[in-house]
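Written below as structure tokens is the structure these notes are about.
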Amino acid sequence: MQQVLFILLFIPVVVSYHSTDELLDKIKEECDVVTELSCRMEGDILIIDWKKNQPKDVVWAFNEHARERITAELALEMIQSLKKVNPSMRITIIPVVNVWGRKQVDNGNRCLRKNKNGVDTNRNYPQKVRHHYAKFSEEYEGKHPFSEPETRLIRSILQGANQYINVHSGEFSLYMPWDSVDMRPPFYEKQKKKLKLLSRFCPQCTVGPAAIKSLYKAYGSSVDYATTQGIEAYTFEIYGSDTYDCKRMFNPPNRYKKRIIDQWKKIIFASLD
Ligand SMILES: [Zn+2]
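For any residue, its number in the working numbering is found by taking its place in the sequence shown, counting from 1, and adding 658.
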């Protein structure tokens, strides 16, 4: 008996992934007890505001692609850390953009990326360069820009914002725009300086303009759209593993989860300086 107790006491705490409902409930609980946090729903999407009475400033979006569940886990922990970190500016957070999709993944559809309408919402913004993706492709852009409720919501939240981070997984990267053209963004020098500072916390990260540094171009992304609106925008890719298994490719195993979350909590909070 004593031996069993000993083992139970010394097993390291391994925190597993939350179902989407559990995760959103935990965030709502936080809104109930922290006065500076407020929660509101827009359809099935939960939107959090930190210091809502301040002017619009920073926007963070997570889990736009259904299978990238780790990104919502990061959102939860960041929201729980806000009272301790106590940033002075308003921060608007969408912890799960693709709520329907993440629930599908919870239930075993582990490779799902697109939304309920079969659209990759991160291709559903106005395109800088015209490009059509096939309907069955993982990057189908939808019938027309802003045809999807998720993108219309993000468009309205971005209005008047100064900084935007869209958080994804599948690789380790700190990207600035553009996603679709091999060009430097309008705030290149400022963004380059910021990414250089942040990259100290991510030695394994690819750093720089996404289309130039990555091996692909993304047409109609929210970061390119935000950039055209004068917003300093970034895509952070927080984890990736070289495998064809969707669960493991986009999400760290339980034993690495805390390490990844702590690493990116530090990076994203440091981006506020
Ligand atoms: Zn993604």
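Here a beta-carbon is modelled for each residue, glycine too, at the ideal position from N, C-alpha and C. No experiment lies behind these values; they were computed from the predicted model shown.
- Message: Please state the DSSP three-state secondary structure of Trp718.
- Response: Three-state result, Trp718: strand.
- Query: Rounded to a whole number of angstroms, what is the C-alpha to C-alpha distance between Lys851 and Tyr874?
  - Reply: Rounded to the nearest angstrom, the two C-alpha atoms are 24 Å apart.
- Return yes when the Cβ of Ile919 is within less than 7 Å of the Cβ of Leu695, no when it is not. Cβ atoms of Leu695 and Ile919: not closer than 7 Å.
- Message: Under DSSP, the alpha helix (DSSP H) around Ala869 begins and ends at which residues?
- Response: Counting along the chain, the alpha helix (DSSP H) containing Ala869 begins and ends at Ala868 to Lys871.
- Query: Around the Cβ of Gly701, are there at least 16 other Cβ atoms within 10 angstroms (buried) or fewer (exposed)?
  - Reply: Here Gly701 is exposed: its Cβ has fewer than 16 other Cβ atoms, across all protein chains shown, within 10 Å.
- Kindly examine ligand 1 and report whether one of its heavy atoms sits closer than 6 Å to the Cβ of Glu726. Yes; taking the cut-off as 6 Å, the Cβ of Glu726 has a heavy atom of ligand 1 nearer than that.
- Message: My parser needs the alpha helix (DSSP H) runs of 4 or more residues fully inside the region 804-876; what are they?
- Response: Segments of the alpha helix (DSSP H) lying fully in the region 804-876: 807-816, 846-856 and 868-871.
- Item | Whole-number beta carbon distance between Pro835 and Ala876, since they are thought to touch under 8 Å | Not really, about 10 Å apart at Cβ, beyond 8 Å.
- From Pro861 to Ile925, what does the alpha carbon distance come to, in whole angstroms? About 12 Å.
- Message: DSSP three-state label for Ser696, please.
- Response: Collapsing the DSSP output to three states places Ser696 in a strand.
- Query: How many angstroms separate the CA atom of Asp931 from the CA atom of Trp758?
  - Reply: The C-alpha of Trp758 is placed about 34 Å away from the C-alpha of Asp931.
- Message: I need the straight-line Cα distance from Val628 to Ile685, nearest angstrom please.
- Response: Given that the chain is displayed from residue 659 to residue 931, the structure contains no residue 628 and the question cannot be resolved.
- Message: Taking 6 Å as the cut-off, is the C-beta of His826 nearer than that to any heavy atom in ligand 1?
- Response: Checking every heavy atom of ligand 1 against the Cβ of His826, one is found closer than 6 Å.
- According to DSSP, which residues form a beta bridge with Trp708? Beta-bridge pairing links Trp708 to Leu695 and Ile749.
- Length-filtered (4 minimum) alpha helix (DSSP H) runs lying within the region 757-800: Runs of the alpha helix (DSSP H) inside the region 757-800: 757-764.
- Task: Tell me whether His802 counts as near ligand 1, meaning its Cβ is closer than 6 Å to at least one heavy atom of that ligand.
- Result: The answer is no for His802.
- Task: Taking Thr886 as part of the alpha helix (DSSP H), name the residues at either end of that continuous run.
- Result: Looking at the DSSP string, the run of the alpha helix (DSSP H) that includes Thr886 is Ser880 to Thr886.
- Message: Give me the DSSP bridge partner(s) of Ala891.
- Response: The partner list for Ala891 (beta bridge, DSSP) reads Tyr822.
- Query: Hey, would you say the C-beta of His676 is under 6 Å away from at least one heavy atom of ligand 1?
  - Reply: Relative to ligand 1, His676 has its C-beta separated by 6 Å or more from all heavy atoms.
- If we ignore side chains and look at the alpha-carbon of each, how far apart do Leu856 and Glu890 end up? Spanning the two alpha carbons is a distance of roughly 15 Å.
- Query: Just to confirm, are Ala884 and Leu816 a CB contact at a threshold of 7 Å?
  - Reply: The answer is yes: Cβ separation under 7 Å.
- Query: Under a Cβ-count criterion, where at least 16 other Cβ atoms within 10 Å of its own Cβ denotes burial, should Tyr897 be classed as buried or exposed?
  - Reply: Answer is buried; the Cβ neighbour count reaches 16.
- Message: Using the Cβ count rule (16 or more neighbours within 10 Å means buried), how would you classify Ser879?
- Response: With a threshold of 16 other beta carbon atoms within 10 Å, Ser879 meets it and is buried.
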